[in-house]
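**Q**
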């Protein structure tokens, strides 16, 4: 297998006509089409029948993140103090102060985010303000530019009144639908661009594989004996970041923040460390757990921050990152199997009295990757030359073109609001 750093992204190009990109979802979520790829054989059904294709007793893992109304708009004040000037968009990316998502949304009076700024050239200095009418009077929100942080800016927000930041963005923010939809956000998106099981606020993009599930499908999963479990990965704007380098070595993956309950680790261990992942975000979270466990096996004194999984960490030139045994050993290194790794992570959480693990991952999954936990994958159809397409290719042993050729020739709808697939390698 060639070094994944030297993969040419141009090898993952396919023709996606604009009319195949779904601008809106189907009227009923679970009536979308479902492509089934089962060990090289491709067929199709309706998503409502997904439970029929899953093995009884399996563990299915969902990402319960909730999309926030991350696009905030301000107008520059003119010489008379009237807010009739240039429109400035502040796009929330990642909490800066407080850095914890839960604390951030509960905070009052002041907070700071790392943000993208639209029409930045019109906001060279000064503070932006916007007023909102609330029950107890007028709420004034101020935004002040801080230092550059990578490709984003730190923006400090201040406001009067005992109002949480979650309330503010619900009042003045706009849901950030994907840019490739080429349309304005509509009221319907506030419902259709959230999964029915979304709970934890923090994402600026939906984990779209989950958009097809309805309460009826979830109940049918239960009836089929499929155990359901949830974790959290907050999807960042980096999910839309194009690969601009010719080889993958030149592409930097974005960091994403995850929360995994101790109970989830127990369930994975009880299911032989195997799971059905709903969406690529669940995949990246589950697979990152293995490498966090390896770190702990090598050094039990690490902190949560030190469990961060870097981009190329899974690829160590064929060597096990813990014991340096060669990959010619066939399959998992006998010293570092998945069961041992997850057990180490569970014991480490117990030793630190952690009910929930808060960590981060920058993992990139591309051809050459050896999946440790995920055995089946529910996912939508992804953009050409994207890291998500690389992840799918790695999962199906490079057979992605058969899947995408079938979808294109059988009237499947693509991207966030498009149809779904069940992949069984």
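In the working numbering, the protein residues as written are 36 to 460. For each residue, glycine too, the CB sits at the ideal point set by N, CA and C.
(1) Taking the alpha-carbon positions, what's the residue 191 to residue 409 distance?
(2) Specify the secondary structure class of residue 206 as computed by DSSP and reduced to three states.
(3) Can you confirm whether the segment 53-73 touches the segment 235-244 when touching is taken to mean that 3 or more C-beta pairs between the two stretches lie within less than 8 angstroms?
(4) Span of the alpha helix (DSSP H) holding residue 182?
(5) What did DSSP end up calling residue 148 once you bin it into helix, strand or coil?
(6) With three or more C-beta pairs closer than 8 angstroms as the rule, is the segment 45-55 touching the segment 371-385?
(7) Can we say the segment 288-300 touches the segment 215-227, given the rule of at least three CB pairs closer than 8 angstroms?
(8) Return helix, strand or coil for residue 458, following the three-state DSSP convention.
(9) Taking the CB atoms as reference points, tell me whether residue 88 and residue 450 lie closer together than 8 angstroms.
(10) If we ignore side chains and look at the alpha-carbon of each, how far apart do residue 145 and residue 214 end up?
(11) When burial is assigned at 16 or more other CB atoms within 10 Å of the CB, is residue 33 buried or exposed?
(12) Quick one: residues in its chain with C-beta nearer than 6 angstroms to the C-beta of residue 265, no 5 flanking neighbours on either side, listed in chain order?
(13) So, are the CB atoms of residue 103 and residue 282 less than 8 angstroms apart?
(14) Figure out for me which residue from 47, 56, 44 has the closest Cα to the Cα of residue 443.
(15) Please report the straight-line C-alpha distance between residue 310 and residue 385, rounded to a whole angstrom.
(16) Checking 8 angstroms against the spacing of the C-beta atoms, do residue 188 and residue 150 come in under that value?
(17) Kindly confirm or deny that the segment 239-253 and the segment 130-146 touch, where touching means at least three C-beta pairs closer than 8 angstroms.
(18) Please report how far the alpha carbon of residue 132 lies from the alpha carbon of residue 315, in whole angstroms.
(19) What does a CB cutoff of less than 6 angstroms around residue 453 pick up in its chain, not counting 5 residues either side in sequence?
(20) Expressed to the nearest angstrom, what Euclidean distance is found between the alpha-carbon atoms of residue 127 and residue 139?
(21) Reducing DSSP to helix, strand and coil, say where residue 96 ends up.
(22) Taking a contact to mean a Cβ-Cβ separation below 8 angstroms, would you say residue 185 touches residue 105 in this structure?
(23) Let me know if residue 182 comes out buried or exposed under the rule of 16 or more other beta-carbons within 10 Å of its beta-carbon.
(24) Do the CB positions of residue 398 and residue 429 come within less than 8 angstroms of each other?
(25) Ends of the beta strand (DSSP E) at residue 187?
(26) Return the residue from the list 293, 228, 154 that minimises the CA-CA distance to residue 135.
(27) Helix, strand or coil, according to DSSP, for residue 52 in the structure here?
(28) Sorted by chain position, which residues of the same chain lie with C-beta nearer than 6 angstroms to residue 274's C-beta, five sequence neighbours on each side aside?
(29) Between the beta-carbon of residue 284 and the beta-carbon of residue 95, is there less than 8 angstroms?
(30) Tell me where the alpha helix (DSSP H) around residue 385 begins and ends.
(31) Please name the residue or residues paired with residue 269 in a DSSP beta bridge.
(32) For residue 423, which residues in the same chain have their Cβ closer than 7 angstroms to its Cβ, ignoring the five residues on either side in sequence?
(33) Which residues does DSSP pair with residue 78 in a beta bridge?
(34) Relative to the C-alpha of residue 205, which candidate in 216, 169, 90 has its C-alpha closest?
(35) Whole angstroms is fine: what's the gap from residue 259's alpha carbon to residue 413's?
(36) Short check: CB of residue 289 to CB of residue 271, under 8 angstroms?
**A** Based on what the coordinates show:
(1) 40 angstroms
(2) helix
(3) no
(4) Careful: residue 182 lies outside any alpha helix (DSSP H), inside the beta strand (DSSP E) at 172-184.
(5) strand
(6) When Cβ pairs closer than 8 angstroms are counted between the two stretches, the segment 371-385 is seen not to touch the segment 45-55, the count staying below three.
(7) Contact fails: fewer than three Cβ-Cβ distances are below 8 angstroms.
(8) It is a strand residue.
(9) With respect to the 8 angstroms criterion, residue 88 and residue 450 are not classified as neighbours on the basis of their beta carbons.
(10) 30 angstroms
(11) An answer regarding residue 33 cannot be provided, because it is not within the stretch 36 to 460 covered by the chain.
(12) 97, 99
(13) Going by C-beta atoms, residue 103 is not nearer than 8 angstroms to residue 282.
(14) 56
(15) 23 angstroms
(16) Yes, Cβ-Cβ distance for residue 188 and residue 150 is below 8 angstroms.
(17) no
(18) Cα-Cα distance, rounded: 28 angstroms.
(19) 57, 415, 416
(20) As the crow flies, the alpha-carbon of residue 127 is around 12 angstroms from that of residue 139.
(21) Collapsing the DSSP output to three states places residue 96 in a strand.
(22) no
(23) exposed
(24) no
(25) The continuous beta strand (DSSP E) containing residue 187 extends over residues 187-194.
(26) If we check each option's Cα against that of residue 135, 293 comes out closest.
(27) coil
(28) 240
(29) In this structure, residue 95 does not lie closer than 8 angstroms to residue 284 by Cβ.
(30) Annotation: the continuous alpha helix (DSSP H) that includes residue 385 extends over 373-386.
(31) 292
(32) 315, 417
(33) 71
(34) With distances taken between Cα atoms, residue 205 lies closest to 169.
(35) 17 angstroms
(36) Residue 271 is positioned such that its CB atom lies closer than 8 angstroms to that of residue 289.
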